[in-house]
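Using mature numbering (1 follows the signal peptide of the UniProt record, and there is no 0), the letters of the sequence shown correspond one by one to residues -27 to -1, 1 to 189.
In this text, a Cβ means the ideal position worked out from N, Cα and C, and glycines have one as well.
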Amino acid sequence: SRAASPPSPLWALPEELLLLICSYLDAQALGRLAQVCRRLRFLSSRDVLWRRIARGCLNSGFTQLGTDLAAGIPVKERVKVSQNWRHGRCRRETVLKWKRKQVASFSSFLMPWMELDGEYLYLSQAENIQAYHLCAEGTGLQRHPQAIFSGHQEDVCRFVLVNSHIVSGGGDGSIVLHKIHGSYSIKFSAHEQEVNCVDFQGGLIVSGSRDRTAKV
């Protein structure tokens, strides 16, 4: 059998001395140290090692005098969030907008269904599915759709993207199969009421409807 490795002389040091040594490390070095083993991960996550770093971070919960205003949150996590704010990018804007519509008088408002596939965002709008190309570096969407997939008489309730195909269920109870990169499409009269769920796997379409039926 393989002989056990001798214990590292590092662990022979008192914990206070280990913390003192680690206190000279920056955030990046502490993060790498945490990847070595569980014991070092626990040691390198101690609040005492991150307080000095946190005082120089934005919105880390420390005042200029060093008072901790968020004692219940680990300091390491606060530093992580602060660096995400500093180096990340967050922008909120309305890229698309339209009116909501009820499928029937007894149903709730039907909101758009959307799917992200690579550089394209597919979303339902009324009886159509529109494909929008994402702008460079994810800064937004192009204002005009690259493609429009139609075939339903009422609003699209749900759709899926599988193997370069779109399978959608509509408020008219129908199911439409589109080929994304082509003009091929076929429509099935599947249910008596709106299709609430649909999937497409292995050449089979599975759907469920408000009429309390599921079909394959």
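| query | result |
| --- | --- |
| Same chain, Cβ closer than 7 angstroms to V21, neighbours up to 5 away in sequence not counted | L(-9) |
| Stretch-stretch touch, CB-based, cutoff 8 angstroms, three pairs: the segment 85 to 100 with the segment 130 to 143 | yes |
| Residue from Q166, H138, A163 and S147 whose Cα sits closest to the Cα of Q174 | H138 |
| Beta-carbon contacts of A43 that lie in its chain and below 6 angstroms, excluding the five residues immediately before and after | G34 |
| Straight-line Cα distance separating H60 from H117 | 31 angstroms |
| Q8 - DSSP class collapsed to helix/strand/coil | coil |
| Supposed contact pair G155 and I148 - C-beta distance, whole angstroms, cut 8 angstroms | With a Cβ gap of about 18 angstroms, I148 and G155 do not count as contacting. |
| E127 versus I121: straight-line alpha-carbon distance, rounded | 15 angstroms |
| Extent of the continuous alpha helix (DSSP H) run through N57 | V48 to H60 |
| Proximity of K152 and G124 at Cβ, strictly below 8 angstroms | no |
| Classification of D145 by the beta-carbon crowding that lies within 10 angstroms, buried from 16 upward | buried |
| N- and C-terminal bounds of the beta strand (DSSP E) containing E88 | M87 to D90 |
| Element boundaries [beta strand (DSSP E), containing A120] | A120 to F122 |
| Residue range of the unbroken beta strand (DSSP E) whose run includes A27 | Counting along the chain, A27 falls outside any beta strand (DSSP E), though it belongs to the alpha helix (DSSP H) covering D20 to A27. |
| Own chain partners of R28 with C-beta closer than 6 angstroms, once the 5 adjacent residues on each side are dropped | F35 |
| Own chain, CB closer than 8 angstroms to W(-17), minus 5 neighbours either side, in chain order | R12 |
| Whole-Å CB distance - A109 paired with Y93, under 8 angstroms assumed | That pair is no contact at about 14 angstroms. |
| Spatially closest choice to T40 from W86, R25 and L150, by CA coordinates | R25 |
| Of the listed residues Q37, W23, E88 and Q56, nearest to L3 (C-alpha basis) | W23 |
| L96, enclosing beta strand (DSSP E) - first and last residue | Y93 to Q98 |
| Residue closest to M84, alpha-carbon to alpha-carbon, out of K49, N32, N169 and E165 | N169 |
| Inter-residue Cα distance where the pair is K49 and L6 | 13 angstroms |
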